[in-house]
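Here's the structure we're looking at; comments come further down.
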Amino acid sequence: MIKFFRRKRKPKKTIEEVLECITEDTLSEEDRKDEHKVQHYVLGHCEQMIDTTKTLENEKSEYRVVTSYLKDIQIIEELPEDEAAALRDTANSILTLDQSRSDYLKATKKLTDTQYAQMEQEEETLTESIRTLQANEMYQAAVKRDMNYLEGEKNEWAYYREELMEEQKILRKASYVVFGMVLAFLAVILVLHVALEMDVRILFTILMVAAAASGFFMLFRNQNNTREIKRAEVNMNHAITLLNRTKIKYVNSTNAVDYACEKYHVHNSYELTYLWEQYLEARREREKFERNSDDLEYFNGKLVRMLQKYELYDAKVWISQPNALVDKREMVEIKHELLSRRQKIRASIEYNMDVVLEQKEEIEKLMKEYHEEIPEVREIINSVDRLCGTGE
């Protein structure tokens, strides 16, 4: 059904910033040798491709609905003058009766006509939309917490790795210093033995023990640091992989929240719930008044019957927008909003289609590279091709 966008929301930069900072998730040369890791990587891409395909199907359905309403507007605009005049007369009668009803409700009205019209159109699905928005907001907050945690973990492992590498540099320098000191002390011992004929066996033993202990300590630290550096790199890469997935989930959940908020002109689910409660209250008052509004009911039915003759997608929606049938400027505004909305949906469809194609190409490339055909993966690809029309 038609949604009317009366005001623009300030564009948010959060999603773009997240997308820009996503770290590239690719298989390392070592991972490519591990068949299990390759399969896990492929299945991960399949999961993302399935999620994107579901979003794509919903967007295509929404696109078809918007297009149907635009076709309805075109049919109405192209009516012969005598039929258009009859339609305007009926719409004018509805506007007059609506005005009387609005005056009756004016003292307690807490919603604008536009808000009421949208709530009325979305009434059957709005409670589900509120629950969905609340769930998406909770999921968005949880994902953001996970993203912040993983970002911190990634930085922690990176900092730990840098510390270890710095310690390795210090150990190398220390080994040179120790080696030089051993040579120096050895030279002193030789001088004492040759020049003064001193018994230097104890000194020589102490020097050798100290040199061996120092060498063993530095060798132990070097090997331990090498192992820790590898472990830090593995954990850091794992954190990056999880972070990338979490960022994509955050983008998708934020898109869902922003779209719902923009669609209903609210900032969050609490505001939408408040509007819904106000609508229910206003509807009860209006229904009380409409029980005696036989004339309005008659003209509404007449308008629907007149429009149904033209086989419109939704004739009943014009009951709540008779002003568009009377004032061409209102009709132009609605048409512009629908065109803008369809363009936005088309852009989202194209973006998600590109994502699906990229995921598919990556999966096909890996299966071809490793000469490995995974039946489950092939079935998923074929299903996506059928749904998205991406098959060759």
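According to my numbering, the sequence shown is numbered sequentially starting from 1026.
Yeah, the Cβ is synthetic: ideal placement off N, Cα and C, and Gly gets one too.
Rounded C-beta distance between residue i and residue j? I'm assuming under 8 Å.
| i | j | result |
| --- | --- | --- |
| residue 1098 | residue 1356 | 7 Å |
| residue 1363 | residue 1140 | About 18 Å separates the two Cβ atoms, so there is no contact after all. |
| residue 1327 | residue 1115 | 5 Å |
| residue 1168 | residue 1271 | 6 Å |
| residue 1088 | residue 1370 | 5 Å |
| residue 1294 | residue 1159 | 4 Å |
To the nearest angstrom, how far is it from the Cα of residue i to the Cα of residue j?
| i | j | result |
| --- | --- | --- |
| residue 1257 | residue 1138 | 60 Å |
| residue 1265 | residue 1072 | 18 Å |
| residue 1075 | residue 1164 | 19 Å |
| residue 1254 | residue 1292 | 46 Å |
| residue 1387 | residue 1123 | 58 Å |
| residue 1026 | residue 1360 | In this predicted model, residue 1026 has a pLDDT of only 44, less than 50, meaning its place in the structure is not dependable enough to derive any value. |
| residue 1112 | residue 1313 | 28 Å |
| residue 1345 | residue 1145 | 8 Å |
| residue 1286 | residue 1366 | 14 Å |
| residue 1282 | residue 1084 | 15 Å |
| residue 1341 | residue 1108 | 18 Å |
| residue 1288 | residue 1166 | 21 Å |
| residue 1178 | residue 1186 | 12 Å |
| residue 1353 | residue 1101 | 11 Å |
| residue 1333 | residue 1093 | 14 Å |
| residue 1233 | residue 1173 | 52 Å |
| residue 1183 | residue 1240 | 28 Å |
| residue 1200 | residue 1191 | 14 Å |
| residue 1374 | residue 1188 | 46 Å |
| residue 1252 | residue 1180 | 19 Å |
| residue 1372 | residue 1381 | 14 Å |
| residue 1329 | residue 1110 | 15 Å |
| residue 1091 | residue 1263 | 43 Å |
| residue 1337 | residue 1128 | 31 Å |
If you drop the 5 nearest sequence neighbours on each side, which residues of the same chain put their C-beta closer than 7 Å to that of residue i?
| i | result |
| --- | --- |
| residue 1118 | 1324 |
Given residue i, which residues of its chain have a CB within under 8 Å of its CB, disregarding the five upstream and five downstream residues?
| i | result |
| --- | --- |
| residue 1135 | 1303, 1306 and 1307 |
| residue 1196 | 1243, 1246, 1247 and 1250 |
| residue 1321 | 1119, 1122, 1123, 1126 and 1315 |
| residue 1048 | Bear in mind that a pLDDT of 36 at residue 1048, under 50, signals an unreliable position, so the number given afterwards is only what the model happens to contain. Hits under 8 Å: 1265, 1268 and 1269. |
| residue 1155 | 1294, 1297, 1298 and 1301 |
| residue 1104 | 1112 and 1335 |
Spatial neighbours of residue i within its chain, please: C-beta separation below 6 Å, excluding the five flanking residues on both sides.
| i | result |
| --- | --- |
| residue 1228 | 1214 |
| residue 1193 | 1250 |
| residue 1207 | 1236 |
| residue 1339 | none |
Sequence ranges, alpha helix (DSSP H) only - wholly within the region 1151 to 1192, length at least 4: You should have found no qualifying run.
Curious, which full-length beta strand (DSSP E) runs of at least 3 residues does the region 1189 to 1268 contain? Look at the region 1189 to 1268 and you find no whole run of beta strand (DSSP E) that is 3 residues long or longer.
Could I get the ranges of all uninterrupted alpha helix (DSSP H) runs contained in the region 1101 to 1137, with 4 residues as the minimum, in chain order? As summarised for the region 1101 to 1137, the continuous alpha helix (DSSP H) elements at least 4 residues long and confined to that stretch are 1106 to 1130, given in chain order.
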